[in-house]
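Let me begin by presenting the structure, written as structure tokens, before commenting on it.
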Amino acid sequence: MTNYKGIHSMSRSKTKPYRLFFVMTLLLTSVFLNIAGCSSSPIDKQSCKAWAEITTGEYLLTNNVWGAQDYKDIKQCIATKDKGYEWNWQWQGHDGNVLAYPSILYGHKPWNKHSTSPRLPVKVDDVKKLTVTFKAKQVGSGSHNLLLESWITSSAVPKPSTRTVELAIHLFQQNWPGMPGKKVDTVFIDNHQFDVYVEPSIDVPGDEYHWLYLGFVYTGVKNNQLPSNS
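So the sequence shown is numbered by the working numbering: it starts at 15 and just counts up by one.
Here it is, written out as structure tokens:
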């Protein structure tokens, strides 16, 4: 049994590539988990229903229970606060697979019908500069992986079949079982060091499509402190 507590704020084309969304997610493989939001203020909205969604401004908080079909007696809740979000859950059983994928979405996820913001999707060629600002802190044990992720598709109307690139920036990993693809380089971006992983045609169980996976794993975590901006 593990106990996890964490705090954070807050997922290639030959024609016209579009950037669809950014999503701050937490991949989990731990048995017993508890994560608190970035504020101690009272809860505004809360739901413990599987796949529940809570909209807050141009963001969508999702109670993703990706691995729930393989487990019983689970509980996972999401909540919004005046200045932050909160997830807490309990999982029984652990085989090393991803158990959950709670996330904060901005933009248009390929599986969703609508975008959370009129700013996305946007053509990659039209993006001169893109800045994502966040404040995050995690403390805990067990296996978890905090990442900032984006999809690029070949169409302006996103759907699973038009996904071409998955860009995943892994901000914090603890006891993580491994990365897709092969490590090809180590780079410095804005004075932050990342290991780069590439899988030209990733194969995900249950998904009929394949796409290029680009993973950037931040290697500068010290004392569980994440970079304040990326």
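Glycine included, each C-beta is placed from N, C-alpha and C at the ideal position.
Does the Cβ of residue i have 16 or more other Cβ atoms within 10 Å, making it buried, or fewer, making it exposed?
i	result
Asn-102	buried
Ile-203	exposed
Gly-81	buried
Lys-13	This structure does not reach residue 13, given that the chain is present from 15 up to 244, and the question cannot be answered.
Pro-219	exposed
Glu-222	exposed
Thr-130	buried
Lys-63	exposed
What does DSSP give as the partner residue(s) for residue i in the beta ladder?
i	result
Phe-202	Gln-207
Trp-225	Ile-216
Trp-165	Glu-180
Gly-98	Lys-95
Lys-149	According to DSSP, Lys-149 bridges with nothing at all.
Lys-123	Lys-123 is not bridged to any residue.
Let's see if you can read the secondary structure: which residues bound the beta strand (DSSP E) around residue i?
i	result
Val-179	177 to 188
Ala-93	89 to 95
Trp-105	No beta strand (DSSP E) contains Trp-105, which DSSP labels as neither H nor E.
Lys-59	57 to 61
Thr-233	Element bounds for Thr-233: n/a, residue is neither H nor E.
His-70	According to the sequence provided, residue 70 is Thr. The question's His does not apply to it. From DSSP, the beta strand (DSSP E) with Thr-70 extends over 67 to 70.
Cβ atoms of residue j and residue i: under 8 Å apart, would you say?
i	j	result
Ser-164	Thr-176	no
Gly-195	Val-179	no
Thr-5	Ser-117	The chain is shown from 15 up to 244; residue 5 falls before or after that span and cannot be answered.
Lys-59	Ala-93	yes
Leu-119	Leu-74	yes
Ala-6	Pro-135	Given a span of 15 to 244 for the chain in the structure shown, any question on residue 6 remains unanswerable.
Phe-148	His-184	no
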